[in-house]
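Residue numbers (the working numbering): 6 to 319. Don't be surprised by glycine CBs; every beta carbon is placed ideally from N, CA and C. Note that this is a predicted model, so its numbers are computed, not measured. Input: a single structure, listed below in structure tokens.
Listed below in structure tokens is the structure:
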């Protein structure tokens, strides 16, 4: 934990510029207010279809990302990266990849065409998580091996001398907080993320198989998220934007959570910033993967225990 705290203090002391951070805070606060007042992401963006949806999400994430970088240009006088062709190619590529993964315009029609109705929920929930391996990791790794193979970091996957202990310590600190939160109605309503839906009965297999397949896919999606946000947007772009990569990434990461409860979207700013600093300082995304997957699985596991408890004692 001391290492993580040291990284955060060091980065903040170097990067902080009051006008830039204040503008970013006000920008995100205004966007959060608008989104949750008119239900923008759920009612408008998510109801689009096809490539129109992909294009809308591209603009959506581009506003989040480039607005914060423009703030750094105005208030920190850092503008050299705008002259870099490579920066524009990489940033536009990753924003398109993110928009395409968020919209996945072909997935629902494909599942509807080939999957029985009794299996739809299970197949969709597994597919929507697994598909990020092909919509996020594959294209970004392809870019790496074509253009940046000389860089040895592989966007944070190739960690050297990585110490896992601080991140498991973070999970132990989070455990009692998650336990306390698990008694809240909002938690019980949201988790577990997969609730059966009859697939196991239809396939005549134990339900733990369908649940386990979902939970594995759920974890893989977090690996993809870390690879894109902390790997590509921070480690992959820091050569152009330096420490500004962290706050700009945290802004886009907040927008990713606009379809979730407001508290989760707000906390994602701080969580994204912390994980971004860790990735920047360590040149690794494995800390973020451990924390992200660990928290997700703890929340799922505790939710299932809550479900069993209510079933036994009601």
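At a cut-off of 4 residues, the continuous stretches assigned as alpha helix (DSSP H) that sit fully inside the segment 187 to 223 are 190 to 195, 204 to 208. Burial state of residue 296 is buried, judged by a 10 Å Cβ sphere holding 16 or more other Cβ atoms.
Cβ neighbours of residue 172 within its own chain (closer than 7 Å, five residues either side excluded): 292, 295, 296. Per DSSP, reduced to three states, the secondary structure at residue 12 is helical. Segment contact: the segment 277 to 287 against the segment 92 to 103, fewer than three CB-CB distances shorter than 8 Å; contact not assigned. A check of alpha carbon separations from residue 128 across 310, 214, 163 identifies 214 as the nearest. Between residue 109 and residue 133, the gap from beta carbon to beta carbon is short of 8 Å. For residue 136, the secondary structure class from DSSP, reduced to helix, strand or coil, is coil. Nearest C-alpha to residue 195 among 20, 10, 312: 312. The continuous alpha helix (DSSP H) containing residue 283 extends over residues 267 to 287. Residue 106 is classed as buried because its beta carbon has at least 16 other beta carbons within 10 Å across all chains shown.
In the DSSP annotation of this structure, residue 89 is not part of any alpha helix (DSSP H), being labelled neither H nor E.
Inter-residue distance for residue 163 and residue 170 is about 18 Å (C-alpha atoms, whole angstroms). In summary, residue 147 is exposed, with fewer than 16 beta-carbon neighbours lying within 10 Å of its beta-carbon over all protein chains present. DSSP places residue 120 in the coil class of the three-state scheme, outside both helix and strand. Relative to residue 232, the option among 187, 10, 63, 161 whose CA is nearest is 161. Put simply, the backbone Cα of residue 247 is about 28 Å away from that of residue 139. The alpha-carbon separation between residue 166 and residue 159 amounts to approximately 15 Å. Here the segment 296 to 306 lies against the segment 221 to 230, with 3 or more beta-carbon pairs under 8 Å apart. DSSP places residue 249 in the uninterrupted alpha helix (DSSP H) bounded by 249 to 261. Secondary structure at residue 231: helix, using DSSP grouped into helix, strand and coil.
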